[in-house]
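A.B. asks: I'd like to ask some things about the structure below.
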Amino acid sequence: SERVRFDSDMILELVSHCPSEFTLHARNPAHNLRFGGNNVILSMMASAPNCSDLDRGRRPGNQADYRNFLRLAQMHNILQCTGGYPVEPIDIHPSVRHLECIRDLAMLTDKVFHIYSLGKERNVDGIEITRIARGISREQLMAEPSVFTIINTNSPLKLDVPMMEGIIQMASMGQAVIVTPFTLSGAMAPVTVAGALVQQNAEALSGIAFAQMVKKGAPVGYGGFTSNVDMKSGAPAFGTPEY
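Here's what the structure looks like:
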């Protein structure tokens, strides 16, 4: 078959190169983030399609709302990281949306942010905007991780081309990669908790190992997302005992 099978010793050897802790450098050094150890980092959620307020009610996201959420994230100390797009600004064309959004992240906040891995070009653009915002050289950026991306596997047991390109671009530049399998038990993973977690672990380790193939010592994180689905509707079921 076309399935890639990793030797267990190879996985252990590659994973051994992962740093146990690393620092993500913000535009404002006071907002640098230390990952690993006993550190806890709170961030906004990301990629909501809609937003709501008391004046205008529920509506699709736009750039004005997107910018307002960024301003709120900058104001609140409880949010150490802005994360990704708090709401998707669908009034910006997808071909240039990442440029507008990352520029807003760099200009309206001085905290660490996230870029989406939706193809090589978008990663390259995001890394370069991050470098410009910090006013540093490429060499300093490679020595000081300053931005991160979330890599979602296309469960079961698949990494899409944009995700692989994201790992390559981010890891090669020394930026952080968080591998988060999109394992929903009963849909893209076994229906049992044990089976779903085994699959999650296999997928996460494969992405983490690949990042170390690209560049040994690249900062990486293990993201756990496993939940389950409503077996009647097929919708993701959050807040269940299993989740």
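Sequential numbering of the sequence shown, starting at 995, is according to my numbering.
Where is the CB? At the ideal position from N, CA and C, for every residue including glycine.
(1) Kindly provide the ranges of any alpha helix (DSSP H) runs that are 4 or more residues long and lie completely inside the region 1044 to 1132, ordered along the chain.
(2) Mind checking which residues open and close the beta strand (DSSP E) that includes V1009?
(3) Identify which residue in L1112, A1042, L1102 has its Cα closest to the Cα of S1089.
(4) Once you ignore the five residues that flank N1022 on each side, which residues in its own chain have a CB closer than 8 Å to its CB?
(5) Counting Cβ pairs closer than 8 Å, one from the region 1153 to 1160 and one from the region 1178 to 1196, do we hit at least three?
(6) Leaving out the 5 sequence neighbours to the left and right, which residues in its chain are closer than 6 Å to V1208 when beta-carbon positions are compared?
(7) Is the CB-CB distance between G1120 and A1181 below 8 Å?
(8) Is it right to say G1218 is buried, meaning 16 or more other beta carbons lie within 10 angstroms of its own, or is it exposed?
(9) Indicate whether the contact test is met: 3 or more Cβ pairs, each with one atom in the region 1081 to 1097 and one in the region 1044 to 1056, closer than 8 Å.
(10) Does the Cβ of E996 have 16 or more other Cβ atoms within 10 Å, making it buried, or fewer, making it exposed?
(11) From V1192 to G1129, what does the alpha carbon distance come to, in whole angstroms?
(12) Count the other CB atoms within 10 Å of the CB of M1038; is the residue buried (16 or more) or exposed (fewer)?
(13) Please determine, among G1215, A1196, S1179, Q1194, the residue with the shortest C-alpha to C-alpha distance to P1238.
C.D. replies: On the basis of the data shown:
(1) 1057 to 1069, 1088 to 1102, 1114 to 1128
(2) Here V1009 belongs to no beta strand (DSSP E); instead the alpha helix (DSSP H) covers 1002 to 1009.
(3) L1112
(4) D1104, K1105
(5) no
(6) I1162, A1165, S1166
(7) no
(8) exposed
(9) yes
(10) exposed
(11) 43 Å
(12) buried
(13) The requested residue 1238 does not occur in the structure, where the chain is confined to residues 995 to 1237.
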